[in-house]
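Student: With the numbering used here applied, the sequence shown has no gaps in its numbers, which climb one by one up to 227 at the end.
Backbone N, C-alpha and C fix where the C-beta goes; we use that ideal spot for every residue, glycine too.
For reference, the structure I am asking about is given below.
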Amino acid sequence: MSKGKLVVISGASGVGKGTVLGIMMGKRPDLRFSVSATTRAPRPNEVDGVHYYFVTKERFEEMIAAGEFLEYDAHAANYYGTPRAQAEEKMAHGSVLLDIEPNGAKQVKQSAPEAVLVFIMPPSLEELERRLRGRGDTSEEQIAMRMERAHWEMEQRTWYDHVVTNDDAERCADEILKIISE
């Protein structure tokens with residue numbers, strides 16, 4: 046069996062990555078999602094091992110020291126990372142989608158130059174902020190931090206292989222699926 050593609054999806058918090066990824070996986074059941082580890086608290090309805098592996102800061106730092114991550118980074122006062130063994134196991138069975146931020150994307154591209162990097166842009170900064178506020182679970186301080194981070198992340202799009210705007214989640218998902226099929 047041939048190894049699948051490693052596909053990195055990035056975009057600012059609130060851009061709709063989760064929605065787009067859900068649509069993509071609904072249309073292509075052969076795609077696998079790489080579950081990241083994080084030190085942030087679960088949001089309502091998030092399940093450990095499905096949405097993220099929720100771990101303590103101490104456990105995450107032990108995993109870093111042991112070289113257990115394909116990539117990792119700290120932002121919004123939390124760690125996020127892709128467990129290496131899980132991603133590699135899934136790639137043996139098909140293409141794997143990673144939902145990670147730009148620093149992690151650079152780490153992946155360095156260790157796996159064949160990876161396909163896709164950056165999702167919001168239609169506007171105003172729409173991005175509206176989406177963050179619409180979650181209803183993000184403090185004003187977190188919204189401010191995420192909007193500041195969004196500016197930096199969007200500047201990083203220039204070195205991605207592809208940039209797609211999420212003005213319509215279905216259309217955005219179809220565009221990324223077309224990229225993956227190339």
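Taking only the alpha-carbon atoms, compute the straight-line gap between Y117 and V100 and give it to the nearest angstrom.
Tutor: Whole-angstrom Cα-Cα distance: 13 Å.
Student: I believe L173 touches A195 by the beta-carbon criterion, under 8 Å. Please report the beta-carbon distance rounded to the nearest angstrom.
Tutor: 6 Å
Student: Within 10 angstroms of its Cβ, does K72 collect 16 or more other Cβ (buried), or is it exposed?
Tutor: exposed
Student: On the three-state DSSP scale, how would you describe N41?
Tutor: Since the displayed the chain opens at 46 and closes at 227, residue 41 lies outside it and no answer follows.
Student: Who are I54's beta bridge partners in DSSP?
Tutor: D144 and V163
Student: What residue range is occupied by the uninterrupted alpha helix (DSSP H) comprising E103?
Tutor: K102 to A110
Student: Kindly confirm or deny that the segment 132-144 and the segment 174-186 touch, where touching means at least three C-beta pairs closer than 8 Å.
Tutor: Contact fails: fewer than three Cβ-Cβ distances are below 8 Å.
Student: Does A189 pass the burial test, meaning 16 or more other C-beta atoms within 10 Å, or should it be called exposed?
Tutor: exposed
Student: Under three-state DSSP, which class holds E116?
Tutor: strand
Student: Helix, strand or coil: which one does DSSP assign to G94?
Tutor: coil
Student: Could you give the DSSP three-state label for A82: helix, strand or coil?
Tutor: strand
Student: Mark W204 as exposed unless 16 or more other C-beta atoms lie within 10 angstroms of its C-beta, in which case mark it buried.
Tutor: exposed
Student: What does the alpha-carbon distance come out to for the pair A214 and D206?
Tutor: 20 Å
Student: Can you tell me whether A122 is buried or exposed, with buried defined as 16 or more other CB within 10 angstroms of its CB?
Tutor: exposed
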